[in-house]
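Below is one structure, written out as structure tokens, with a few remarks after it.
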Amino acid sequence: MPGRREARTRRGGKKEEPKESIIGPTVLEEEQAPQPRKEAPVEPVEVEEVGRRERRKREERPHGLYYEELYKPKEAMEEGRPSVPAFVRLTKSFGKLFKGLGKGAYFTPQQQEAVSFLGYDISPEEFHATYKGIFISGILLGVVIAFGLLSLPAFAAIDDAIKIVFVILFILAPVVLSFAYQKYLFYEVEKEKMMALAYIPEIINYLVMTMRLSPNLERAVEFAAAHGRGKIAEDFKKLVWDVQIGKYSSIEEGLDELAYRWGNYNDDFKHALMLIRSSVLENDPQRREALLEKALEDVLEGSKEKMDLYARRLHQPTVYLYYFGILLPLLLAIILPIASSLMGGLNLAKAEYVFLIYNLFIPIAIFFWGGFILAGRPPTYVPPDIPERFPGLPKKGLMKVLGLSLPYFWTALMLLIALVWAGHYLDNAQIEDMLKSAPYLTKDEVVAKLPNIPLFYSRFHLFVGQFTIYGLVIGVSLFASVYFLGKYGARKKIQDEIRGMEAEFKDALYVLASRLGENRPIEDALRHSIEFLPKSRIANTVFRKILDNISTLGMTLENAISDPVFGATKNLPSQVIRGGLNVLVNSVQLGVNVAAKSLMSLAIQLRNAQKIDEMLRKLLEDVTVMLKSMATFVAPIVLAVIASMQRLIISSLSSIAPVGANETLTGTTGFGGMGGLTKMFSAEVAKNAADPATFMLIIGVYTIEVVAVLTYFNSQIEDTNNKLHTYVSIAYALPIAAILFCATSYIASSFFVAAG
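Below, the structure written as structure tokens:
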């Protein structure tokens, strides 16, 4: 039919169903095409003549992949164009803005290698101009902002030493940013190197799978490029395109160049490509099979060795997290009052400085250190992404509780308010009991004896005591827990179900391949697989839906799987299952025997990927168990003891301060030379130090922060790039940690008060 022809993809050359030309009219033709007007209707003869001219133009165009790309509509070309990385956009923009700073610059060999590997379209002049521009403009901007803020009246009461630190931080920030920009290339290379540990075995298996069916290297590369993941798959797609446009004289030449480019980062991958390349030259089928099997085994063993090395390296940095997050706050509770006396006018034990140290600086340091640890984690598995409007989920903003639909945000907020009010009620009840037992005391005298935050009572006459703080800590934890469970809990449950289907998929593929190997048609093979696996969810949902679409609706296999309305994978966000069924569609077109061999190889590849993931989980089990126990149990208990000890530490130091201030003590005075300590501490520091209730509130907030951060990194180590698992893990850990903190703090405070 005129105007119709078979469409081919740009790189893979895969056939699609006949349809209207994918080229379509260009933008210019659309503008030139006459449109009917209401005031002057166009005769049918004129419309037919216009359509005839357009069809003639399409037929006169040269056919082929290269020309189809040239004649694509502008919108289609924009959709297919890969997005430019933010790093490249930033470099281009700053390179133009600070063009004069990069003249005569050149890449170091390491930088040139990294830029070539990542495929970034940036020049040495642009790179160095951006680096120097960030450094110079950042320092100037930091100085202006720092002195502008310090000139405000709100900053007048701040100590001069803190102002100096404040200015230094603003000036040093551009130095850190420029350094991070310069090192970003190597960070991205290391990231791709780690991701390749998961993607390379997969893409090598696709190459081997195709080479076993037909020793055609170009077809194998096209198949691997179409089904692989990550940067390595993108490089394969680019290789196919470069061969088609004549950049390489043969696929072998391009594959050799790709092997040596990746060889600097993964030597196993380079040798695997060499073995696959040499298998084409082998005439003996047994020798060819041995080479292909060797290529696959080498890549798998290399990935296992690198993951084992990563797991071993992870232990020591994790111990540092324990030091930073738990032991450092314990030491600071003792060191800060003493350091305040040594530093003269700078009282680091004051509430505002303790807040900055505990609730800002230490959590940020832990977060960045955890990010450094997590950067080397190889992603062995990509979890299915469950959208918010996935079928079966509650409406947006609602959660299911005992069959009721509740708004999770307002439910969480009501819990927070209720717990804070309950704590405040208990505090006031405690005051009333003390007034009844000692009627000669006034309320102010009773409040002075109880741990409270003086700021609230002196300004607002509002008593904020120990139980109010407990209510706030537990309330905030429950607020976050209910919110995260309401927003992500149902999605996590569906994700777990789909992951269970993915675990069953390899067995279902094996059964399906066995039936196809008996020369059965795909309908019979699907029917037998459903009967053979009666308890399998993948068989009873996906396979049954495919079979129903074929037998009842008369669909083709491809439409039965991927039809946007009735397809079996319409509501199945699993790349593993979708990719496997795509292999089934492509291989069935070549015959059931070819499909059987392809599915059998795919089942083996999925099993190998599962083994690698399980192996890494076992290797990391010691680290994840330690982090989980540290975040949920150890951190809240130790921090609660720190919060309770602060009163004892300050009172003990203040009680010996007058001795140290008025007398010159010898080394034999006191317990083990305590006289040296007394001379370092002053009563003024104890007077201005954070009171016990304020310190407990600061440590309570810090407990929530450190538990959330440690749980975040632990969940990311367990299951990389799975935000559902991360948020649900935090939701379960926070309430347990908060209750432990409050209970331990109450018991320890009672003990220290009784002992003191």
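Those letters in the sequence shown? Residues 716 to 1471, per this note's numbering, in order.
Note that beta-carbon positions come from the ideal geometry of N, C-alpha and C, so glycine has one too.
Note that this is a predicted model, so its numbers are computed, not measured.
- Taking all protein chains shown into account, Arg1092 has 16 or more neighbouring C-beta atoms within 10 Å of its C-beta and is therefore buried.
- Under the 8 Å Cβ criterion, the segment 1318-1336 does not count as touching the segment 942-956, having fewer than three qualifying pairs.
- Annotation for Pro1122: the continuous beta strand (DSSP E) segment containing it runs Leu1119 to Pro1122.
- Relative to the Cα of Asn981, the nearest Cα in the group Thr1183, Ile1168 and Val904 belongs to Val904.
- Within the segment 1111-1189, complete alpha helix (DSSP H) segments of at least 4 residues are found at 1123-1152, 1158-1164 and 1169-1175, given in chain order.
- Looking only at Met1411, Ala861, Met924 and Met1129, the smallest Cα-Cα distance to Leu1317 is reached by Met924.
- Less than 8 Å divides the Cβ of Phe951 from the Cβ of Ile918.
- Scanning the segment 1249-1314 from its first residue to its last, the whole alpha helix (DSSP H) runs of 4-plus residues come out as 1259-1266, 1272-1277 and 1290-1303.
- Here DSSP, grouped into helix, strand and coil, assigns Ser994 to helix.
- In the displayed model, Arg1092 falls within coil according to three-state DSSP, outside both helix and strand.
- Measuring C-alpha to C-alpha distances from Leu1187 to each of Asp999, Asn1403, Ile1414 and Val1340 identifies Ile1414 as the nearest.
- Judged by beta-carbon spacing, Ile837 lies within the 8 Å limit of Val803, meaning their Cβ atoms are closer than that value.
- DSSP places Gly1107 in no alpha helix (DSSP H); its state is neither H nor E.
- The alpha helix (DSSP H) runs of length 4 or more contained entirely in the segment 805-849 are, from start to end of the chain, 824-833.
- In the displayed model, Glu1233 falls within coil according to three-state DSSP, outside both helix and strand.
- Here DSSP, grouped into helix, strand and coil, assigns Lys1065 to coil.
- For Leu1007, the enclosing alpha helix (DSSP H) begins and ends at Pro1000 to Tyr1037.
- Straight-line measurement puts the Cα of Thr1347 at about 16 Å from the Cα of Val1191.
- With fewer than 16 other beta carbons inside 10 angstroms of its own, Glu1020 counts as exposed.
- Beta-carbon to beta-carbon, Leu1425 and Val1307 are separated by about 53 Å, too far to satisfy the 8 Å threshold.
- A distance below 6 Å between beta-carbons, with the five flanking residues on each side excluded, links Arg1003 to the following residues of its chain, in chain order: Ser994 and Glu997.
- When only Cα atoms are considered, Leu1007 and Pro1288 end up about 32 Å apart.
- Where Ala1405 is concerned, there is no enclosing alpha helix (DSSP H), because DSSP gives it neither an H nor an E.
- In the structure shown, the three-state DSSP call for Lys878 is helix.
- Sixteen is the threshold: since fewer than 16 other Cβ atoms of the shown chains lie within 10 Å of the Cβ of Asp1337, the residue is exposed.
- The alpha carbon of Met1360 has as its nearest neighbour, out of Trp977, Ser893 and Ile1049, the alpha carbon of Ile1049.
- Distances from the alpha-carbon of Val880 to those of Leu867, Phe862 and Phe894 put Phe862 closest.
- For Lys946, the enclosing alpha helix (DSSP H) stretches over residues Gly945 to Gln959.
- The beta carbon of Ala820 sits closer than 8 Å to the beta carbons of Pro839, Glu840, Phe842, His843 and Ala844 from its chain, once the five residues preceding and following it are set aside; these are given in chain order.
- With contact defined as three or more Cβ pairs closer than 8 Å, the segment 1195-1209 and the segment 1091-1111 are in contact.
- Per DSSP, Ile966 is one residue of the alpha helix (DSSP H) stretching across Ile966 to Gly978.
- In summary, Ile1132 is exposed, with fewer than 16 beta-carbon neighbours lying within 10 Å of its beta-carbon over all protein chains present.
- The Cβ-Cβ distance between Glu1217 and Val1291 falls below 8 Å.
- Closest in C-alpha terms to Leu928, from the list Phe1466, Ala1275 and Ser1302, comes Ser1302.
- Cβ-Cβ distances below 6 Å link Ile1245 to Ala1254, Phe1258 and Arg1259 in the same chain, with the five nearest sequence neighbours on each side left out; the list follows chain order.
- Contact between the segment 845-856 and the segment 887-897 is present: 3 or more CB-CB pairs across the two stretches fall below 8 Å.
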